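Under my numbering, read the sequence shown as residues 1177 to 1778, first letter to last. Every residue gets a Cβ at the ideal spot worked out from N, C-alpha and C, and that includes glycine. Only a predicted model underlies this, so the values are computations on that prediction, with no experimental measurement involved. The structure appears below as structure tokens.
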Amino acid sequence: MSRKQSQKSKLSAQNLALPKSLWKFYFKYAVPGSWGALIAWAVFFFIVSMDGVLFPNFQRWFVALFENPVPNGMTFMGHAMSTVMLIVALLLLIDISALARDVFRARWAPLVSNRIWTQLSDYVHDQSISFWTGRMAGKVHTQILYVTKGFEAIVDFWRIVCLFAVVALNMGLIFSINTYVAIMFAIVFVFRAIYSWVMVKPMNKAAKDYSSANSDVSGKSVDSISNFSVVKLFAGTARERAYLEPSRQRAIKSHKYKFYVQRWFWGFPMILWDVCYGITLLLCAWLYTQGKITVAEIVFTNSVFFTVMGTIGQIVNQIPNITDTLGAASRAYEELSVPMDVVDMPNAAQLHVTCGDIEFRNVSFKYKRKWVLRNFNLHIKCGERVGLVGASGAGKTTLVNLLMRFYDPNAGEILIDGQNIKNVTQNSLRNSIAFIPQEPTMFNRTLRENIEYGKPGATMSEIRRASKRAAAHDFIMDTDKKYDSMVGDRGIKLSGGQRQRVAIARAFLKDAPILVLDEATSALDSQTEVAIQKSFDELASGRTTLAIAHRLSTLRNMNKIVVMKNGRIIEYGHHDELLRRRGEYARLWKMQSGGFLQEDNQ
Ligand SMILES: Nc1ncnc2c1ncn2[C@@H]1O[C@H](COP(=O)(O)OP(=O)(O)OP(=O)(O)O)[C@@H](O)[C@H]1O
Ligand SMILES: [Mg+2]
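Given below as structure tokens:
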């Protein structure tokens, strides 16, 4: 196993389960390695927030210069100079802290996002196939983005803590000046806090609905756009619009609702503030006539009123942001972190293939409710070549899916060289099988990269050799950039047969002890198939091979042919033997005209 692969398997092992709570996930996977930068950022952030306490005081100190007598032995300008210097020094401290705050944020934010992204994409890559059959790739992508953005809520959260400190300190100062004004402020603040508390629940709900509606739209849109060829083929533009319409309407409705709830959340208390400001001004005027407040204190009170109200406004504004981001992130995380159906056993061993003896023992399997395989038994001996035949839906691909451990059987076991595949690591199992699927898909990368996927780090001459054996070299050399040509989204720039040949080349390069072909040559013309057949014969020699095919002629050279119907084996033997038996295989063989099997209803 290469170093890269062993690193990947280490990750997979720790990825088996993610914490239930989003915050535990962040603390376990996102923050380690960035604690220092995060704490330094928080400290400087706090210092910068203190400008909300300092600015009203700057005004108070400056106005007080004109009200209070100059200390003995000092000129007015000397006295003023020391106050101004103090103010400037504090201003410089805040500005330098702002710089440090941003530098430290730049040190943790990209790393943390990257860790979250890597961890979640590894996790979904390791997820069972059943995870993917129920989901759309576009939606999963958006959900990973939401969780990544969710961590940023920590910035808003810390901002709120600092803003609370600003309010508390200012309130303390006001209290030291005049109790009436302080009580006035306290009433407004307490009302605001209670109001926020009550509104948080509907706000959260609105944010969750909005995020779920949005990721639904994006999942369906990506699905619709990526099937553009089907849409074109069936002139389906209007149908697609109609299909997406209900989801879009739901998104619009939830967006509007979220907007109204948020407006209501901070719009209503503004009216109360306006009235309170008037009362505060009158209070100051009255206290002045009583000689209980100085001009410097009135200036300070005025300034604090705006600072405190502005700060409360900011807090209130931030809360919807936090609930929005966290609501979306926690919902997305809930869906992404679902436990895996297929997992490695603790301390699972590596699979050691000695000769490739495969045994399906009393295997029963159902996807959801309908049984696809019942008490299925099949023994493929070392180095044997077995062909699998049967009408569409008989369960052939399912059998291979179980062998690859894309799913676990509901009952029974599958053994390779006597080792139950459930007890070995999935990576070692899949590394031992070269599998050419029924519908090979490609990355939107170069032909070379797509083939190299079979053997990471393969040399160019190995890639070329595998391509020649898969009859892919000639068509590759005909493309613009040869092995460096891009294949397009999911291989769209290639013909079906070309895609199949790239997948075959990939399997040749993998050079695994067990070979599984699921309709591997179904899209090839007869001439190319004959050319590849020779390579297959060469590749299959000494390897256990399981080949599924509808075109029975491709299975003539198999040691055994297994005929399946409704998830059971109904016939078993060599081609000639089965023909002599005049059973299902002979019937299928007869029905093949031009080499193809006519599908019949089972
Ligand atoms: N992911 C899935 N979820 C639910 N049912 C499934 C799933 N995949 C396959 N099936 C069902 O299981 C049955 C067997 O499917 P399978 O793909 O194994 O057939 P097959 O023999 O390979 O057919 P074909 O020759 O058309 O490839 C079918 O009825 C199919 O509808
Ligand atoms: Mg199939």
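Enclosing beta strand (DSSP E) for residue i [first to last residue]
i, result
"residue 1673", "Careful: residue 1673 lies outside any beta strand (DSSP E), inside the alpha helix (DSSP H) at 1672 to 1686."
"residue 1600", "Premise fails: residue 1600 is in no beta strand (DSSP E) and is neither H nor E."
"residue 1741", "1736 to 1741"
"residue 1518", "No beta strand (DSSP E) contains residue 1518, which DSSP labels as neither H nor E."
Residue i, DSSP secondary structure in three states
i, result
"residue 1750", "coil"
"residue 1609", "strand"
"residue 1214", "helix"
"residue 1690", "strand"
"residue 1540", "strand"
"residue 1757", "helix"
"residue 1184", "Note that residue 1184 scores 42 on pLDDT, short of 50, meaning its location in the model is unreliable and no value can be drawn from it."
"residue 1226", "coil"
"residue 1696", "coil"
"residue 1525", "strand"
"residue 1327", "coil"
"residue 1615", "coil"
"residue 1777", "Low local confidence applies: a pLDDT of 40 at residue 1777 is under 50, so the model's placement there is unreliable, and no value is given."
"residue 1568", "coil"
"residue 1178", "Legend: pLDDT at residue 1178 = 42, less than 50; position of this residue unreliable, value from coordinates given subsequently. Three-state result, residue 1178: coil."
"residue 1194", "coil"
"residue 1765", "helix"
"residue 1336", "helix"
"residue 1500", "helix"
"residue 1630", "coil"
"residue 1359", "helix"
"residue 1392", "helix"
"residue 1348", "helix"
In DSSP terms, what residue i is bridged to
i, result
"residue 1534", "1556 and 1592"
"residue 1549", "1541"
"residue 1781", "Residue 1781 falls outside the range modelled here, since the chain spans only 1177 to 1778, and no answer is possible."
"residue 1562", "1722 and 1736"
"residue 1622", "1662"
"residue 1353", "Beta-bridge pairing links residue 1353 to no other residue."
"residue 1495", "For residue 1495, which the question treats as bridged, DSSP gives no partner whatsoever."
"residue 1745", "1740"
Range of the contiguous alpha helix (DSSP H) that encloses residue i
i, result
"residue 1164", "The structure shown does not extend to residue 1164, since the chain is modelled only from 1177 to 1778, so the question has no answer here."
"residue 1643", "1636 to 1645"
"residue 1649", "1649 to 1653"
"residue 1817", "An answer regarding residue 1817 cannot be provided, because it is not within the stretch 1177 to 1778 covered by the chain."
"residue 1709", "1702 to 1716"
"residue 1200", "1198 to 1201"
Cβ neighbour criterion (16 or more within 10 Å) applied to residue i
i, result
"residue 1523", "exposed"
"residue 1778", "Because the pLDDT of residue 1778 is 37, which lies under 50, any placement of that residue in the model is unreliable, and the question is left without a value."
"residue 1554", "buried"
"residue 1692", "buried"
"residue 1532", "buried"
"residue 1680", "buried"
"residue 1725", "buried"
"residue 1546", "exposed"
"residue 1249", "exposed"
"residue 1245", "exposed"
"residue 1425", "exposed"
"residue 1465", "exposed"
"residue 1761", "buried"
"residue 1422", "exposed"
"residue 1671", "exposed"
"residue 1220", "buried"
"residue 1435", "exposed"
"residue 1180", "Note that residue 1180 scores a pLDDT of 42, beneath 50, so its modelled location is shaky and nothing firm can be said."
"residue 1273", "buried"
"residue 1277", "buried"
"residue 1196", "exposed"
Contact with chain D by residue i, beta-carbon distance below 8 Å
i, result
"residue 1420", "Here there is only one protein chain, and chain D is not present."
Ignoring anything shorter than 4 residues or poking outside the region 1240 to 1320, list the alpha helix (DSSP H) runs there in chain order.
1252 to 1302 and 1305 to 1309
In chain order, what are the residue ranges of uninterrupted alpha helix (DSSP H) at least 4 long that sit wholly in the region 1408 to 1491?
1413 to 1465
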